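This is the structure in structure tokens:
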């Protein structure tokens, strides 16, 4: 298995064609936003911070159809998304956002449309998030007293 993978990788690098985006999904992504950043993938879902008309929002895309899915209650006019991650089934989205001069860590539960703020103990400023496939374990990059650290948080 590993030898076959290495052989296919070496053949791909010799072909000169390079890596190319998947045309259909890439076109759909370009139509739904002017630009996007901070992508995170699961088997069926991609979440990213998408910008349209100068406003950034979190967008979840169903990769099987290339279509964005509704996220009621998540994107708020007074909040600026910083980092985002999705679990395997697309039901949980972890995010860092800036709102009212504060940087917040949040968990969005898509199946119930609930946005929940997650307090950090000890206090710190969250920056980046990574949610595991089950949506039950969250890694958060946090600044405390001028130093970066990573907290692992078990979620209910």
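Residue numbers (the working numbering): 19 to 174.
Quick reminder that beta carbons are idealized off the backbone N, C-alpha and C, glycines included.
All of these numbers come straight from a predicted model, not from anything done at the bench.
For residue i, which three-state DSSP category applies?
i, result
"residue 133", "strand"
"residue 139", "coil"
"residue 93", "coil"
"residue 86", "strand"
"residue 146", "strand"
"residue 123", "strand"
"residue 61", "coil"
"residue 128", "coil"
"residue 154", "coil"
Quick check on the DSSP output: the beta strand (DSSP E) that includes residue i runs from which residue to which?
i, result
"residue 98", "97 to 104"
"residue 117", "110 to 117"
"residue 107", "Neither: residue 107 is in no beta strand (DSSP E) and is coded neither H nor E."
"residue 71", "Note, residue 71: premise wrong, no beta strand (DSSP E); not H, not E."
Since residue i contacts residue j with CB under 8 Å, what's their CB separation in whole angstroms?
i, j, result
"residue 173", "residue 128", "The pair is not a contact, with the Cβ atoms about 14 Å apart (cut-off 8 Å)."
"residue 135", "residue 122", "6 Å"
"residue 96", "residue 75", "Actually they do not touch by this definition, with Cβ atoms about 12 Å apart."
Tell me which residues share the same chain as residue i and place their Cβ nearer than 8 Å to its Cβ, disregarding the 5 neighbours each side in the sequence.
i, result
"residue 151", "60, 105 and 106"
"residue 166", "145, 159 and 160"
"residue 168", "157, 158, 159 and 160"
Can you list, in chain order, the residues of its chain with a C-beta nearer than 7 Å to that of residue i? Leave out the 5 residues immediately preceding and following it.
i, result
"residue 62", "80, 81, 82 and 108"
"residue 101", "56, 113, 114, 145, 146 and 147"
"residue 125", "110, 112, 134, 136 and 173"
"residue 139", "none"
"residue 37", "none"
"residue 149", "103, 104, 105, 110, 112 and 156"
Closer than 6 Å by C-beta to residue i: which residues in its own chain qualify, once you throw out the five before and the five after it? Chain order, please.
i, result
"residue 162", "142"
"residue 91", "131 and 133"
"residue 171", "156"
"residue 54", "66 and 68"
"residue 154", "173"
On the DSSP bridge assignment, give the partners of residue i in chain order.
i, result
"residue 166", "161"
"residue 81", "In DSSP, residue 81 forms no bridge with anything."
"residue 37", "Paired residues: none, contrary to the question."
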